[in-house]
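What follows is a short report on a single structure.
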Amino acid sequence: MAVRNIGIDAIPPKNECNDSKCAWHGKISIRGNILQGKVVSTKARKTAIVKREFLHYLPKYERYERRHSKIAVYNPDCISAKEGDTVTIAECRPLSKTKHFVIIEKVSR
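Plus 6 on top of the position in the sequence shown (first one is 1) and you've got this note's numbering.
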């Protein structure tokens, strides 16, 4: 099965999968936000929890504060990100009650 063009400059995975919810080998279209974060947990099947850290500006104090958010993302078999990996995630249609993002690339370990 060939890797399809998802319209984003990302390195396609070397492995193949027959997953319909995979951005590279399935029919999921990517739209909206493209974010980066670190995988914190992969305990659930085909799911990863990605922690994103960002700065939020407080106008009253004219300073930034550090914040974070945890996002449940779909982890396809061809990418299979592990805990500690830095990944790129992209927004897609809702895949389940909590998953609205899919992993499209492993950036580093």
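Here a beta-carbon is modelled for each residue, glycine too, at the ideal position from N, C-alpha and C.
Using C-beta distances below 7 angstroms, list every residue in its chain close to Ile17, excluding the 5 sequence neighbours before and after it, in chain order. Counting from 1 along the sequence shown, the entry for residue 17 is found at position 11. Glu111.
Compare the Cα-Cα distances from Asn11 to each of Asp25, Ala29, Asn21, His62 and report the closest residue. Within the sequence shown, residue 11 is the residue found at index 5, counting from 1. Measuring from the Cα of Asn11, the nearest candidate turns out to be Ala29.
Given a cut-off of 7 angstroms on the beta-carbon distance, is the pair Ala54 and Asn81 in contact? As a working note, residue 54 is residue 48 in the sequence shown. As a working note, residue 81 is residue 75 in the sequence shown. Yes, these two residues count as a Cβ contact at 7 angstroms.
Using the DSSP secondary-structure output, state which residues sit across from Val56 in a beta bridge. Taking the sequence shown and counting its residues from 1, the one referred to as residue 56 is at position 50. Answer by DSSP bridge pairing, in chain order: Val45, Ile77.
Less than 8 angstroms between C-beta atoms, sequence neighbours within five positions excluded: which residues of the same chain meet that for Lys105? Here the question's residue 105 lines up with position 99 in the sequence shown. Thr53, Ala78, Val79, Tyr80.
Residue range of the unbroken beta strand (DSSP E) whose run includes Val93: As a first step, residue 93 must be located in the sequence shown, where it is residue number 87. It spans 92 to 97 - the beta strand (DSSP E) in which Val93 sits, taken as one unbroken run.
Between the region 61 to 68 and the region 89 to 100, are three or more C-beta pairs nearer than 8 angstroms? These segments do not touch.
Assuming the contact rule is C-beta atoms closer than 8 angstroms, Cys98 and Ser35 should be a hit. Round their C-beta distance to whole Å, please. Locating residue 98 in the sequence shown gives position 92, where the first residue counts as 1. Locating residue 35 in the sequence shown gives position 29, where the first residue counts as 1. The Cβ separation is near 7 angstroms, so the contact holds.
Looking at C-alpha atoms only, which residue of Val9, Lys27, Arg115 is the closest neighbour of Val108? In the sequence shown, counting from the first residue as 1, residue 108 sits at position 102. Shortest Cα-Cα distance from Val108 to any of Val9, Lys27, Arg115 involves Lys27.
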